[in-house]
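The structure under discussion appears below in the form of structure tokens.
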Amino acid sequence: MVRLIDAAYWMKGCSSLGFLRYAALVRIEDQGKRRLALVDLKEAVEPAAPATPGAEMPADPAERVVAGARALSPNLGERMLPVSLLGKPVVMRELAPQDLKLDIDQFSREEAVRAAHYLAHVVGNAHGWQMDEATRSGWRDEVLRGTDGGSQAPSWLWSSVVELAGRHEVGYLQHCLRYATAEAA
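For the sequence shown, position 154 matches number 261 in the working numbering, and the numbering has no gaps at all.
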């Protein structure tokens, strides 16, 4: 059984502006044992991109988010549940210390390289799962072409990643401005 102890509206970045977002303290009782947990409750919205033709995709946005998390990051996905709150699809996620975002400025060069390798592995696997074997093999060959055994990213890949990060930041700031302007009106 899960019992709500306290909750508060949670404003965390612009991605949740205009949507339900709460942080809650809950007591979990399981087989006579009690423990407290912090949970994040975030409204799940319709996907921005269409699903791959033929892909099995849950119709409920919260179920879709949880299924994706369980497929890509089982440790995170197992701490998530699709729920309904105020008639809206919501993802409930138990918060844990490992959820803290990376603060690259505090990393040594070696730690940053290890983190980059790990994140590249996670993202590469996620993309690879969406490809058939021939496409995956061709992509891998293209990424490794002209590199020293794959130890450095090709310049076109690096440029694409930097450009994508820049576009993401611009889009994020534009979204925040539009929301703030609409709220002020």
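A virtual CB, placed ideally from N, CA and C, is assigned to each residue, including glycine.
These numbers come from a predicted model, not from an experiment.
Exercise. When you compare only the Cα positions, how much space is there between S262 and D248?
Worked result: Reading the sequence shown from its first residue, position 155 is the one you call residue 262. Reading the sequence shown from its first residue, position 141 is the one you call residue 248. C-alpha separation (whole angstroms): 15 Å.
Problem set entry | Residue span of the beta strand (DSSP E) that contains L143, given as start and end | The residue you call residue 143 lines up with position 36 of the sequence shown. Run containing L143: K140 to E150, per the beta strand (DSSP E) assignment.
Exercise. Where does R252 sit, in a helix, a strand or coil, going by DSSP?
Worked result: Reading the sequence shown from its first residue, position 145 is the one you call residue 252. Of the three classes helix, strand and coil, the one that applies to R252 here is coil, per DSSP.
For this session: Given a cut-off of 8 Å, decide if R171 and M187 are closer than it, judged by their beta-carbon atoms.
Result: Indexing the sequence shown from 1 puts residue 187 at position 80. Indexing the sequence shown from 1 puts residue 171 at position 64. Against a cut-off of 8 Å, the Cβ pair of R171 and M187 comes out as no contact.
Exercise. Helix, strand or coil: which one does DSSP assign to R171?
Worked result: Taking the sequence shown and counting its residues from 1, the one referred to as residue 171 is at position 64. Residue state, collapsed to three classes: helix.
For this session: Count the other C-beta atoms from every protein chain shown that fall within 10 angstroms of the C-beta of K140, then say buried if there are 16 or more, exposed otherwise.
Result: Start at 1 with the first residue of the sequence shown, and residue 140 comes out as number 33. Exposed, because fewer than 16 other Cβ atoms sit within 10 Å of the Cβ of K140.
Exercise. Is DSSP giving A156 helix, strand or coil here?
Worked result: Within the sequence shown, numbered from 1, the residue matching residue 156 stands at position 49. Here A156 sits in coil by DSSP.
Exercise. Taking only runs of the alpha helix (DSSP H) that begin and end inside the segment 175-203, which ones reach a length of at least 4 residues, in chain order?
Worked result: 181-184
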